[in-house]
Structures are given as C-alpha cells and as structure tokens.
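The structure appears right after this line, and notes come after that.
2 protein chains.
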Amino acid sequence: MILCEIGNTHYHFMHRGSIWRSPVGKKPEFKIESDDPVYAISVNDPAMRRLRSLKPVINLAEHIDLDTNYRGLGIDRAVACMAIEDGVIVDAGSAITVDVMQNGVHLGGFIYPGLMKFQQMYGAISPVLQKALNFAIEVEHLPQNTGDAISYGVIAPLIHTIEKTARGKRIVFAGGDGGYLARFFEDAMVDQTLIFKGMEKIIKEL
Amino acid sequence: MILCEIGNTHYHFMHRGSIWRSPVGKKPEFKIESDDPVYAISVNDPAMRRLRSLKPVINLAEHIDLDTNYRGLGIDRAVACMAIEDGVIVDAGSAITVDVMQNGVHLGGFIYPGLMKFQQMYGAISPVLQKALNFAIEVEHLPQNTGDAISYGVIAPLIHTIEKTARGKRIVFAGGDGGYLARFFEDAMVDQTLIFKGMEKIIKEL
Numbered sequence: 030m031i032l033c034e035i036g037n038t039h040y041h042f043m044h045r046g047s048i049w050r051s052p053v054g055k056k057p058e059f060k061i062e063s064d065d066p067v068y069a070i071s072v073n074d075p076a077m078r079r080l081r082s083l084k085p086v087i088n089l090a091e092h093i094d095l096d097t098n099y100r101g102l103g104i105d106r107a108v109a110c111m112a113i114e115d116g117v118i119v120d121a122g123s124a125i126t127v128d129v130m131q132n133g134v135h136l137g138g139f140i141y142p143g144l145m146k147f148q149q150m151y152g153a154i155s156p157v158l159q160k161a162l163n164f165a166i167e168v169e170h171l172p173q174n175t176g177d178a179i180s181y182g183v184i185a186p187l188i189h190t191i192e193k194t195a196r197g198k199r200i201v202f203a204g205g206d207g208g209y210l211a212r213f214f215e216d217a218m219v220d221q222t223l224i225f226k227g228m229e230k231i232i233k234e235l
Numbered sequence: 030m031i032l033c034e035i036g037n038t039h040y041h042f043m044h045r046g047s048i049w050r051s052p053v054g055k056k057p058e059f060k061i062e063s064d065d066p067v068y069a070i071s072v073n074d075p076a077m078r079r080l081r082s083l084k085p086v087i088n089l090a091e092h093i094d095l096d097t098n099y100r101g102l103g104i105d106r107a108v109a110c111m112a113i114e115d116g117v118i119v120d121a122g123s124a125i126t127v128d129v130m131q132n133g134v135h136l137g138g139f140i141y142p143g144l145m146k147f148q149q150m151y152g153a154i155s156p157v158l159q160k161a162l163n164f165a166i167e168v169e170h171l172p173q174n175t176g177d178a179i180s181y182g183v184i185a186p187l188i189h190t191i192e193k194t195a196r197g198k199r200i201v202f203a204g205g206d207g208g209y210l211a212r213f214f215e216d217a218m219v220d221q222t223l224i225f226k227g228m229e230k231i232i233k234e235l
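Chains D and W are the protein sequences, given in the same order.
First residue of the first sequence? That's 30 in my numbering, and the numbers climb one at a time after it.
First residue of the second sequence? That's 30 in my numbering, and the numbers climb one at a time after it.
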C-alpha cells in the first residue's frame, strides 16, 4: 500500500514506514517497486491527474468523515485531525493551522501565517523592520532590540495562543516548522506522519 | 505652543487640546494662527525640513531621556513611553508596538505587524485564504470557517500576548486600530494624545 498526500508544492509519499517527497511540477518519483494501488488525498488537481496517469489511484477525499461544524476545512487538515482522538494539531507550513479534537470531534481551529511569511511582511512595513527573524528568542523575556522585537512578535503570540487553546490537552506538531515550535512546549510531540495515520484510519474503515 | 509628531505618512499636530493631521507629501497645514515655535519629533527627515522651512522648530529628539536597555527604540515609541510611569503602551498602526513601563523604566517591548498587513499576507499564501478579516470575532470561541479562522489567527494571538505581557498592569491604546483592540480588554484606556503628553513632559523638563 502506497500513501500519497498531494500538496501545493510536493507529493508526499509513505510506503511501509518510509517517507519521501517529490515536487508536483513534474512526474512523481516512486522510490519503490510496487504494483500496489496508491491511496491519495490532494489539494492540487493537476498533480492528482499526473499521478493517475502513472498508477491506479484511490482518492480518499470522498471517504473523509470528520465530525465537525467547521465549513471549508481543508482536506489535509481534516485527515490529520482524524488521526487524533483528543488533542491539538499544529501543522506549521506556509500557513500554520491549529485544530482541536475532543472525543473524536473537531471543535474548530484557526490559521496563522507561516513563520517565514512574517519576515517579508515586516520588511514591507518599514526598512527599519527588515531584519532576519531570531529563532533563538525566549518567550519569557521582553525583547531589548528591533530584531528580537519582531521575532518575539511572530513567535510569542502563536505560542501563547496554542497554549491557551490546548488547556492541558496533548499537542502534536507537524509540518516544516513543527519541530521548531514543539521546543516551546514541555510535553509536545512531533509527528510528521500524522496525515498518513489519518489516511490509514480512513482506509481501515473502508 | 504647537506640538508636531512627524510620521511616515502624516504630520500630527496638537495645539491647546486640538488635534489635526496633514499629509507629509506636501506643505503642512497649520489650522491655527500662531507665532509660537513648533516642538517636533520626526522619523521623516524630508518632512522635518519642510516644516522647518515654514516655522521655527525645536527638535525634541535630542532631549528624549528614557531609562531603557532597548537598543534602537523608535523616537515615537520612546516619547509615548515617557508619558506613562507604569503600564503597557500599545500603538496600533501599520506596525503594532507593545511596550512595558514600570516605575518610569522601559522594560522592553515587541512589534507585531499591523492588522491590515495580515490580509495581504494570507492572500499571498493561498487564494483560499484571500478573505476579508472579520473584526467581529470573539477570541473565546474557536472559529468554524476559514474567514473566522484567519481573523482569529490575526487578533487572538495579539490579544493573548498583550494580556500576558500586562500581568494586570494598566493598558493604554493609541494609533488607528487602538480603539478596536481596546474593546477586548475590560479596563483598557484609549489615548490618541499619548505621544503629545510625552512631548509635553520633555518640554517641561527642558
């Protein structure tokens, strides 16, 4: 069984615990020999068609069954949520989504811009704020210079809001900046296979 | 006595309790007849020169004497801080600066992007996130749709961090979005003359 999550920039594959990715702009790379069908979810229609032209594909999108009142939840967020019964899921990529699950029910969530987007935004406000973010700041200490003040302005608000949202619930981080953000929490987990776990759960229920 | 704060976009004037502004791109408008000198602070050199060509100007920049370890604090922030002995100053414009004063000492501060900058940033991340911000959201309830999820992602993190920073201290809001943000706090004050109060204090000490 090959699992594939298709995002805006990459195919993400998993096969027997191995994970790899391949850019969406060209033919996806299958690093394994297998005639297994590919179970996929996608937010990228042309990339999904390209995958279909190479392999038999089972689209899991129609089988997502998340208990939620949220309208317009992205497929990737919904599938990651299905992997967690109780907890907060933070997926930190070009956008940072934070979702809350309780007894298998999705209670809602919010979207923060990706950390690297902020640097651009500060630069566009004023040349004085055109500084590299300092990822070594601590959120317990008030900044004492401009570079730290903008870095704190990006990171501390997110950390405080995740904390406040979690109310003691387990927090699971995924995405490119997930490992970095997890460092601010004592009991945090990082799991880059969350979305595949959600897909496996859907397949089991099929 | 005329007070003038020169920012990136406007001259801000105060004379005997009246406040008005005038765009920096052209000759500043004096809405009163007065031969009084103008006490000014400026982050905008060409606009300061233009003011000097019309009136005698006393530049207060050299007389700012704020007790702080912060390196590179903007003149406008420093002067606003001088108006407050104890409290948190939130100046919400194209950038949102948050500064903490305690016993007349500046303890540090951070910089968050201006609220309207976020809308652009979300749009640049994905067309799905190209939505108008909903300023009517409540920060106590988890969002249930994309528009609320990005609005919450802008506002709740800032509110939580101001709260956490204040630790019960008085919070004073200024700037274009100051009135809006103050609504999230029970005991908040809005004071659009904060910087002029700081200037008056400097003048008194001269």
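Glycine included, every Cβ here is placed at the ideal spot set by N, Cα and C.
Query, Result
"Partners in chain W for D/Ser155, counting only beta-carbon separations shorter than 8 Å", "Asn37, Ser123 and Ala124"
"Helix, strand or coil at D/Arg50 [DSSP, three-state]", "strand"
"Cutoff 8 Å: W/Phe147 Cβ touching any chain D Cβ", "yes"
"Candidates D/Asp96, D/Asn37 and D/Gly152, of which the one nearest D/Val134 by Cα", "D/Asp96"
"Beta-carbon separation (whole angstroms), W/Pro57 vs W/Ser63, contact threshold 8 Å", "About 13 Å separates the two Cβ atoms, so there is no contact after all."
"Distance between beta carbons of W/Asp206 and W/Glu121, contact taken as under 8 Å", "At residue 121 of chain W the sequence reads Ala, which differs from the Glu that was named. Confirmed, about 4 Å."
"Close Cβ partners of D/Val86 (< 6 Å) along its chain, the five nearest in sequence each way excluded", "Val67, Ala69 and Leu80"
"Three-way DSSP call (helix, strand, coil) for D/Arg81 in this model", "helix"
"Terminal residues of the alpha helix (DSSP H) in which W/Thr194 lies", "Thr175 to Ala195"
"Proximal residues of chain D, C-beta to C-beta of W/Lys193 below 7 Å", "His189"
"Segment contact, 8 Å Cβ cut-off, at least three pairs: the region 132 to 152 of chain D with the region 100 to 118 of chain W", "no"
"Neighbour list for D/Gly182 in chain W, Cβ cutoff strictly below 7 Å", "Phe139, Ile140 and Tyr141"
"W/Lys230 to W/Asn132 span [Cα, whole Å]", "16 Å"
"Exposed unless 16 or more other CB atoms sit within 10 angstroms - verdict on D/Asp115", "exposed"
"Close Cβ partners of W/Gly197 (< 8 Å) along its chain, the five nearest in sequence each way excluded", "none"
"Residue-level contact to chain D via CB, W/Ala211, 8 Å cutoff", "no"
"W/Ala178: contacting residues in chain D (beta-carbon distance under 7 Å)", "Gly138, Phe139 and Ile140"
"Exposed unless 16 or more other CB atoms sit within 10 angstroms - verdict on D/Asp177", "buried"
"Proximity of W/Ile113 and W/Val119 at Cβ, strictly below 8 Å", "no"
"W/Lys233 versus D/Gly152 - alpha carbon distance", "37 Å"
"Contacting residues, own chain, Cβ-Cβ under 8 Å from W/Ala161 (five flanking each side not counted)", "Gln148 and Gly176"
"Uninterrupted beta strand (DSSP E) stretches inside the region 73 to 141 of chain D (no shorter than 3 residues)", "86 to 88, 116 to 121 and 124 to 131"
"Extent of the continuous beta strand (DSSP E) to which D/Met43 belongs", "His39 to His44"
"Contact set for D/Pro142: own chain, Cβ-Cβ below 8 Å, skip 5 residues either direction", "Ala124, Ile125 and Met150"
"Closest Cα partner of W/Leu89 within the set W/Ala76, W/Ser71 and W/Pro75", "W/Ser71"
"C-alpha gap between W/Ile48 and W/Ala203, whole angstroms", "14 Å"
"Proximal residues of chain D, C-beta to C-beta of W/Gly101 below 7 Å", "Asn174 and Thr175"
"Neighbour flag for W/Pro85 against chain D, beta carbons, 8 Å", "no"
"Test: W/Leu171 CB closer than 8 Å to a CB of chain D", "yes"
"For W/Phe147, the first and last residue of its enclosing alpha helix (DSSP H)", "Leu144 to Ile154"
"8 Å Cβ cutoff, D/Val129 in contact with chain W", "yes"
"When D/Glu215, D/Asn73 and D/Cys33 are compared against D/Lys60, the one with the closest alpha-carbon", "D/Cys33"
"Interface residues of chain D facing W/Asn73 [CB-CB closer than 9 Å]", "Per Cβ cutoff of 9 Å: no residues; W/Asn73 is ~11 Å from chain D at best."
"Inter-residue spacing [alpha-carbon to alpha-carbon] between D/Val127 and W/Ala211", "25 Å"
"Separation of W/Ile93 from D/Glu192, as counted between CA atoms", "38 Å"
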